[in-house]
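Those protein sequence lines, which keep their order, are chains A and B.
143 is the number that numbering that gives the first Met the number 0 gives to position 144 of the first sequence; each next residue is one higher, with no gaps.
14 is the number that numbering that gives the first Met the number 0 gives to position 15 of the second sequence; each next residue is one higher, with no gaps.
We put the beta carbon where it would ideally sit given N, CA and C, even for glycine.
Keep in mind it's a predicted model, so treat the numbers as computed, not measured.
Below you'll find the structure, written out as structure tokens, and then a few comments.
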Amino acid sequence: MDLIFEKSVKGRRGYENPACDVDVVAEVPVNLKRKEDCAWPELSELDVVRHFTSLSQRNYAIDTQFYPLGSCTMKYNPKFTETACQTPGLADLHPLLPQLKQGEKHAQGALELMYELEQWLAEITGLDYFTMQPLAGAHGELTGVMMMAAYHKARGNKKKYIIVPDSAHGTNPATASIAGYDIISIPSDRDGSMDMEILKQHVTDEVAGLMLTCPNTHGVFNSNVDEIAKLIHSVDGIMYYDGANLNAILGRCRPGDLGFDVMHINTHKTFTTPHGGGGPGAGPVGVNKKLEPFLPISRVVKKEDGTFALNYNYPDSIGYISSFYGNFGLLVRAFAYIVMAGQEGLKAVSDHAVLNANYIRAKLKDTFHLEFDRICMHESVFSAKHQAACGVHAVDIAKYLIDQGMHPPTVYFPLTVKEAVMIEPTETESKQTMDLFVKAMKEVDHLSQEGQTDFSNLPQTTPVTRPDEVRAARELNTNFFELRGHIT
Amino acid sequence: MIPYIPNTEVDVQEMLKAIGVKSIDDLFIDIKPQHKPKSFNLPESKSEFEVLEYIKELAAKNVQDLKYFIGGGYYDHYVPSAVSALISRGEFYTAYTPYQPECSQGTLQALYEFQSSICTLTGMEAANASLYDGGTALFEAIMMAIRITKRKKIVMDGGVSPIYRKIIDTYTSNLDYEFCETPVEHGHSSRSEIKKLLDKDTAAIILQNPNFFGAIDDFTDIVEEAHAQGVLVIESVYPISLGLIKPPGEMDVDIVTGEGQSLGLSLNFGGPYLGFMATKKKYIRKLPGRIVGETVDKNGQRCFVNTLQAREQHIRREKATSNICTNVSLCAVQSLIYMSLLGREGLKELAQTNLNKAEFMKQTLEKIDGVQVKRSSPSFNEFTVCLPIDASIVVEKMIPMGFAAGFPLGRYYEGMDNYMIIAVTEKRTKDEILEYAEALRNVLASELAKT
């Protein structure tokens, strides 16, 4: 398919700007003027509409395909949340408005919404306070770890390490490292949980905290979680809950009750804000009273007269972590979803997410090697090592599934499992859809045993087949204009 | 019950049987009795209709139909209908990060086109596929400059957004870096102060164009000075202004960042927005965030993939260039649709309209007694005025009259209580500007009468 720049025709226009209704023509001083024009393409509106419609059709998405990408919680995004965030009075509000004198008066609805969302999240998670500011899950992690650092600084603690299990998402060690900590990685035991004996050996006075995803990326809920919390707290360490897999435990347990001091939520997972092809996300961070003084500013507060305000007056706060109050458009969607679901709905979410994951686990466990053969939570991790022995690797299985009209599960993650195939169906998929998936998985296994198909030529139904990734990195063509001499 | 769970009672029974357990509760055996929630007191579920009515009630408590003359880095530009229509396609917004390139060519090609559009806009050679927002992008640029130069001192020009400066303060507070700030003189970066601070220990100088006060500048001399000391130059830009003013690429700037909200995104009370970053090709391996590259498939057909992934957290873990996983792909695609509709001529025309209207507004305000328009430096669509009284009071009084009149500088700058910055976009009409002037005249008269 041609690039949009290749469709450009000189003189064509796609959009008419509002008229310039003033009779003043101003000039930029010559030395400050742009010399060479910006080479954005010239197209009609219909050209643009067709281009992007065609592009969209070259994607697999939840709206079109089963998308059991493990650890990503690709659940259906209800359409009404899109309506909610477009409500006039919300989408068009300028973020600097409440920073004007008496400006908060004019943004009461937006502030109330954020305040209410904070109350809901606190009750759902068992933590006491939330900031809505982090712009994604990893941004939430960084915010949480910075609060951890502020806590230790305030206490005069000399801390050096953050403990992270080897099953963790890559963002955990990357975040801890960027926040200035060294990492201690703890291996998993045979049940897929963090190895307690090895953990105990590493818990010293220099440990700032531990980051735990629970259930973890093996789909295993760590039953020792309260013991771990005691251990970490005994050296004045902070327990960080990575909320990536919160979808498994709604109404069944709460991080705050389990002994966690701080957590982030990925609204694009549990609370079904769209993944957007890779963002934007939102990563609200919750804390208990221990970390409350360090929350970022501003904070939304309810005043005695029942009105809402932004308070910047927290001397121990870590400060500004983003420009404003968070990805408000996504917070509105998450809020709409949570209010709609209510207590019963949220509990049902986790019940059915776990039921669906176990159904797939049960249906496939005789076909694929199950790394941790036990009841799982929201996802199950298989290894395609038997199929790989026949020459069909996890990546081949992924490409085969694409040809069956399904988005593949996560492959080669977690790094702890060889030839990993990580399946998270979510609660919004039906038994019929999962049965089709199971059938396709059994077929691919069958083909691997028979040695019938040359998998390296798959997929064949997509607009392009397997890309040459080595060439992409070697030749590094990341800008259409670079090779065409348009660089100014 | 929520209508997004398709399992019927029959399905549930069949599935439990296949799993070999009696009830859903049996699947939660690892959650021990002592782990049970101490409370889970939430309201009952509601219908879609009820929720939307509730949200409408909340929205009605916000001011409606305000005429924004506030910018400060976030501008009330018009978003063409085709942008919202196309970005609402489920194939875009319900997909995830393009881990499987064969079934993600839509997102991947769009991100390649986005990177290219940012490159030609800024005059740079290589861009990433977006970052959270303009403020965090600037922080990432600083970290990148430190990685490249292996130096630890940062010089920040006083014209950089104070909001960005506060974010950077937070992120660097635990890190071992030295920060120096240079003053703004008559709206412009102080050449002499900057010169004093640039040395062999300096990693980067951070500039903004137009700066927070609205002044536009040619930084070529600063860039030359910096490069002579091996210092990298980071420039934060406002995309729409680049339709007319000199882009960073024409000044040999090393790293460019910006807030892309003005490229077809709603104001949304602060987000989601669009951070972007571009650099010289030689620094591409030090760029944070996702990068999409062109390649060919097995049949020799052109296609696109995430490339240079070895820099990223899911591969490198604690050694990654950044902890970022999600970026803001959808906002990047949204801005690409906007840029494609506007086109090269549309951008120039839009920038000129903004410039003309701002000049008309300056001339109109200059006719009001006591209002001083700062003209010591040229500007684009935002400029500084000095009022005879506290600007925050004037702005407060003008909101009920339907105007967000400007952003008072006293909030972030000591001794500037009487100053504010005013932004004029293409959405502001001649009539609105004249009505604004009338309202301002009245507010000043009545406030001055009080004293």
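Is residue i close to chain A? Criterion is C-beta to C-beta, closer than 8 angstroms.
i               : result
N322 of chain B : yes
M155 of chain B : no
I226 of chain B : The sequence given here has His at residue 226 of chain B, not Ile. No, H226 of chain B does not count as interfacial toward chain A.
I145 of chain B : no
I388 of chain B : no
T306 of chain B : yes
C385 of chain B : no
H187 of chain B : no
F359 of chain B : yes
Q300 of chain B : yes
I1 of chain B   : yes
S445 of chain B : no
R343 of chain B : yes
A140 of chain B : no
Taking just the CA atoms, how far does residue j sit from residue i?
i               : j               : result
L364 of chain B : H93 of chain A  : 23 angstroms
T142 of chain A : S321 of chain A : 10 angstroms
M376 of chain A : N221 of chain A : 11 angstroms
I486 of chain A : Y237 of chain B : Only weak support exists for where I486 of chain A lies, its pLDDT of 40 falling under 50; the coordinates are left without a value.
D368 of chain B : P182 of chain B : 30 angstroms
V78 of chain B  : A109 of chain B : 19 angstroms
T477 of chain A : V469 of chain A : 14 angstroms
T272 of chain A : L329 of chain A : 6 angstroms
T63 of chain A  : V202 of chain A : 47 angstroms
Y74 of chain B  : N267 of chain B : 11 angstroms
T130 of chain A : Y272 of chain B : 18 angstroms
F113 of chain B : K34 of chain A  : 22 angstroms
A436 of chain B : R427 of chain B : 13 angstroms
G69 of chain A  : L110 of chain A : 35 angstroms
Q371 of chain B : N171 of chain A : 52 angstroms
N260 of chain A : R150 of chain B : Inspection of the sequence shows that residue 260 of chain A is occupied by Asp rather than by Asn. Each residue's alpha carbon lies about 36 angstroms from the other.
A225 of chain B : L231 of chain B : 7 angstroms
Regarding residue i and the ligand GTP, is the C-beta to nearest heavy atom distance less than 7 angstroms?
i               : result
N310 of chain A : This structure lacks the ligand GTP; in fact it carries no ligand of any kind.
Return no unless some Cβ of chain B is closer than 8 angstroms to the Cβ of residue i.
i               : result
M147 of chain A : no
I320 of chain A : yes
H485 of chain A : Reliability of the predicted coordinates at H485 of chain A is poor, the pLDDT of 45 falling under 50, and the value obtained from them is presented with this limitation in mind. Yes, contact with chain B.
H377 of chain A : no
H201 of chain A : no
A361 of chain A : yes
S382 of chain A : no
C389 of chain A : no
S297 of chain A : no
Tell me which residue opens and which closes the beta strand (DSSP E) that residue i is part of.
i               : result
K301 of chain A : 298-301
R301 of chain B : 301-306
K152 of chain B : 152-156
D241 of chain A : 237-241
F91 of chain B  : Not the beta strand (DSSP E): F91 of chain B falls in the alpha helix (DSSP H), residues 89-92.
M419 of chain B : 418-422
V236 of chain B : 231-236
G208 of chain A : 206-212
I think residue i touches residue j, with their Cβ atoms under 8 angstroms apart; what is that distance to the nearest whole Å?
i               : j               : result
V353 of chain A : A281 of chain A : At roughly 24 angstroms, the Cβ-Cβ gap does not stay under 8 angstroms, so V353 of chain A and A281 of chain A are not in contact.
L349 of chain B : L340 of chain B : About 11 angstroms; that fails the 8 angstroms criterion.
G285 of chain A : A121 of chain A : 7 angstroms
Y95 of chain B  : G274 of chain B : In fact, because the Cβ distance is near 20 angstroms, the residues do not count as touching under 8 angstroms.
Give me whichever residues DSSP pairs with residue i in a beta bridge.
i               : result
E296 of chain B : Note that residue 296 of chain B corresponds to Asp in the displayed sequence, not to Glu. Answer by DSSP bridge pairing, in chain order: A:P466.
L369 of chain A : A:F381
V291 of chain B : B:N305
D181 of chain A : A:Y160
C179 of chain B : B:V154
C385 of chain B : B:Q371, B:Y418
L68 of chain A  : A:I422
Looking at the secondary structure, which residues open and close the alpha helix (DSSP H) in which residue i lies?
i               : result
L110 of chain B : 104-121
L141 of chain A : 136-154
M360 of chain B : 328-365
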